[in-house]
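Residue numbers (this note's numbering): -13 to 95. For glycine and all other residues, C-beta sits at the position ideal for the given N, C-alpha and C. Small disclaimer: the values here were computed from a predicted structure and weren't measured. Working notes, structure below.
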Amino acid sequence: MSEVRITVGPKSYTIGCDPGEEDKIARLGTMIDEFYAKLGSARSTSEANNLVFAALFMADALEEANAAKAPSPSESMPGGDTGLAERLEALAERAERMAVALEGGEANA
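The following block contains the structure:
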């Protein structure tokens, strides 16, 4: 297992990943930090809250991007995109684990 150190806001986190995934994790960490920076002076004293807001900004951007490329109603398939729902659920669970870890004082997620 490889490890990558990312910085989001004022904190750094060591993230475990598969070998070869280091660059991707670093890029994703940079993206999270950019969304975190959008909080500006509205940051909370709770890092967990700040990370949740950054995740909400990211989810909003993802939703807008998906809406922009959504097929017309005649092209859409019944049942919707379950893969997207599963990925969003996994992201939400990861954000929740990170929030819990931050509240507990852990630096690893």
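Out of the options, which has the shortest C-alpha to C-alpha gap to residue i?
i	options	result
V38	M(-13), A51, A87	A87
T0	G6, E7, R13, R(-9)	R(-9)
E20	A51, M44, D4	M44
A81	E50, A40, A47, E(-11)	A40
A23	N36, I11, R13	N36
M(-13)	A71, G6, S(-2), A47	G6
N52	S32, P(-4), L74, E33	L74
L42	L77, V(-6), A54	L77
A28	A71, E8, E49, G(-5)	G(-5)
I11	G26, E79, T(-7)	T(-7)
A47	S30, E33, E79, M17	M17
Output yes if chain D places a C-beta closer than 8 Å to the C-beta of residue i; else output no.
i	result
A71	No chain D appears in this structure, which consists of one protein chain only.
Indicate the three-state DSSP secondary structure (helix, strand or coil) for residue i in the structure shown.
i	result
E(-11)	strand
K(-3)	strand
G2	strand
S30	coil
Just to confirm the assignment, what range does the alpha helix (DSSP H) spanning residue i have?
i	result
T16	8 to 23
A45	33 to 54
Any idea if residue i is buried or exposed, counting beta-carbon neighbours within 10 angstroms, 16 or more meaning buried?
i	result
M84	buried
Would the C-beta of residue i count as close to the ligand GDP, meaning under 7 Å from any of its heavy atoms?
i	result
F43	Ligands are entirely absent from the displayed structure, and the ligand GDP is therefore not among its contents.
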